[in-house]
Amino acid sequence: MSREGFLRRLGAGKAVNCTYRRGEFTGLISAWANANRFVLTWEECPEGEQYDESTYTRDERHEFATAGEVLAFVERSGHPASDFGP
Numbered sequence: 011m012s013r014e015g016f017l018r019r020l021g022a023g024k025a026v027n028c029t030y031r032r033g034e035f036t037g038l039i040s041a042w043a044n045a046n047r048f049v050l051t052w053e054e055c056p057e058g059e060q061y062d063e064s065t066y067t068r069d070e071r072h073e074f075a076t077a078g079e080v081l082a083f084v085e086r087s088g089h090p091a092s093d094f095g096p
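Okay, so the sequence shown: first residue is 11 according to this note's numbering, each after it adds one.
(1) Rounded to whole angstroms, what's the CA-CA distance from ARG18 to PHE35? Just pull it up for me.
(2) Among the residues of its own chain, which have a CB less than 7 Å from the CB of ALA41, if the five just before and after it don't count?
(3) I need the straight-line Cα distance from THR76 to GLY23, nearest angstrom please.
(4) Could you give the C-beta distance for ARG32 and TRP52, rounded to a whole number, given that I count them as a contact under 8 Å?
(5) Could you give the first and the last residue of the continuous beta strand (DSSP E) run that contains GLU70?
(6) For THR29, which residues does DSSP report across the bridge?
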């Protein structure tokens with residue numbers, strides 16, 4: 011999705027999601043609006059272990075004031091808006 015689509019979707023109260031593979035690890039980044047804030051969760055684990063949270067190498071939750079802050083965070087982390095979908 012485009013940067014504009016990413017921001018528009020979050021601003022409309024809809025979620026954006028990115029799934030990725032990094033070596034033997036898989037990850038999921040999700041963001042959505044909640045109570046006038048934007049929440050982002052980021053989980054990463056060995057492939058096939060998503061149901062066992064003890065194996066997670068990344069399990070984060072962040073809150074942002076604006077959708078633009080969410081986009082800036084994921085882009086700084088190496089995931090452009092084009093990595094995301096509904």
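Where is the CB? At the ideal position from N, CA and C, for every residue including glycine.
To lay it out plainly:
(1) C-alpha separation (whole angstroms): 30 Å.
(2) For ALA41, where only same-chain residues beyond five positions count, the Cβ hits under 7 Å are LEU20, ALA25, VAL26, PHE48, VAL49, LEU50 and VAL80.
(3) Going from the Cα of THR76 to the Cα of GLY23 covers about 12 Å.
(4) Contact annotation, ARG32 with TRP52: C-beta distance approximately 12 Å; criterion of less than 8 Å not satisfied.
(5) From DSSP, the beta strand (DSSP E) with GLU70 extends over 68-74.
(6) Under DSSP, THR29 takes part in a beta bridge, and its partners are LEU38.
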